[in-house]
Amino acid sequence: GENVEQHPSTLSVQEGDSAVIKCTYSDSASNYFPWYKQELGKRPQLIIDIRSNVGEKKDQRIAVTLNKTAKHFSLHITETQPEDSAVYFCAASKTAGNKLTFGGGTRVLVKP
Amino acid sequence: DTEVTQTPKHLVMGMTNKKSLKCEQHMGHRAMYWYKQKAKKPPELMFVYSYEKLSINESVPSRFSPECPNSSLLNLHLHALQPEDSALYLCASSLPERNTEAFFGQGTRLTVV
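As you go down the protein sequences, you meet chains A and C in turn. What the first sequence shows, in the numbering used here, is residues 2 to 113, in sequence order. What the second sequence shows, in the numbering used here, is residues 10 to 122, in sequence order.
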């Protein structure tokens, strides 16, 4: 089955700096790659996603890149703010019905 | 309405109890999921229903029994659980077509004593 590795497991950045989280996946048939943000005690919420026919996608301060050949994708957050502090999960799926395989998560702390 | 609603928010149950978790959505989604999330870990898929039929069971013990009474409702029946089953149980839904966003409910925090 699919295996998703995520790094780093924790990331501490100064407010205003950029944060980068990287994920690799094992199944070349995976074609949908969402990123979820989960605040303490809350539900995972989709912040951005990318499909395999696209190499890069941006939404305000958040961007995701995908390298299908290398089977890795990354989340970039620019101009970080304290409210960006949370756990971020990458995920991958290939099947109808959206069976998501999650990475291990990255705990991001933005220091004011 | 872009909400997935789960009840109860918190549940404490003994190992001999029978209880049910409920999930509801009114977004017209025809795929619904149960995930289990332990502290500081990612969500792990348990079950997938597609068009009210169980399509994926990730080798979950039989003490967890899912049910999809209709296209808006998903239940998880619990019986004879173990303390290690204590976790956050998340329901999610999506359109069943490939590559569509999954919306998560706020979860039920289950404690087995």
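For glycine and all other residues, C-beta sits at the position ideal for the given N, C-alpha and C.
Residue burial classification, residue i (beta-carbon count within 10 angstroms, cutoff 16)
i, result
"Val-7 of chain C", "What is shown of chain C runs 10 to 122, which leaves residue 7 of chain C out entirely."
"Ala-48 of chain C", "exposed"
"Ser-27 of chain A", "exposed"
"Arg-52 of chain A", "exposed"
"Met-55 of chain C", "buried"
"Gly-23 of chain C", "exposed"
"Ala-30 of chain A", "exposed"
"Tyr-37 of chain A", "buried"
"Tyr-44 of chain C", "buried"
"Gly-42 of chain A", "exposed"
"Val-55 of chain A", "exposed"
"Ser-86 of chain A", "buried"
"Gln-34 of chain C", "buried"
Interface flag, residue i vs chain C, CB-CB below 8 Å
i, result
"Gly-56 of chain A", "no"
"Phe-74 of chain A", "no"
"Pro-45 of chain A", "yes"
"Leu-101 of chain A", "yes"
C-beta atoms of residue i and residue j nearer than 8 Å
i, j, result
"Ser-102 of chain C", "Val-13 of chain C", "yes"
"Ile-22 of chain A", "Thr-102 of chain A", "no"
"Tyr-89 of chain A", "Leu-110 of chain A", "no"
"Lys-58 of chain A", "Val-65 of chain A", "yes"
"Pro-105 of chain C", "Pro-45 of chain A", "no"
"Asp-60 of chain A", "Ile-49 of chain A", "yes"
"Ser-29 of chain C", "Leu-85 of chain C", "yes"
"Ala-40 of chain C", "Ser-59 of chain C", "yes"
"Pro-75 of chain C", "Leu-87 of chain C", "no"
"Gln-15 of chain C", "Thr-117 of chain C", "yes"
"Lys-112 of chain A", "Glu-40 of chain A", "no"
Listed by chain order, chain C residues near residue i by CB distance under 9 Å
i, result
"Leu-67 of chain A", "Residues of chain C passing the Cβ test: none, with the nearest at roughly 13 Å."
Residue-level contact to chain A via CB, residue i, 8 Å cutoff
i, result
"Glu-110 of chain C", "yes"
"Pro-51 of chain C", "yes"
"Phe-56 of chain C", "no"
"Gly-23 of chain C", "no"
"Phe-73 of chain C", "no"
Contacts that residue i makes with chain A (C-beta to C-beta distance below 8 Å)
i, result
"Ala-99 of chain C", "Per the sequence shown, the amino acid found at residue 99 of chain C is Leu instead of Ala. Residues of chain A passing the Cβ test: Arg-44 and Pro-45."
"Gln-115 of chain C", "Lys-43 and Arg-44"
Neighbouring residues, chain A, relative to residue i (Cβ below 7 Å)
i, result
"Gly-37 of chain C", "Near Gly-37 of chain C there are no residues of chain A at all, since even the closest Cβ is about 15 Å away, more than 7 Å."
Residues that residue i contacts on chain C, provided the C-beta gap is smaller than 7 Å
i, result
"Asp-50 of chain A", "Glu-110"
Interface partners of residue i on chain C, CB under 8 Å
i, result
"Pro-9 of chain A", "Within chain C, no residue comes near Pro-9 of chain A; the closest Cβ sits about 14 Å away, beyond 8 Å."
"Pro-35 of chain A", "Glu-110 and Ala-111"
"Gly-105 of chain A", "Lys-50 and Pro-51"
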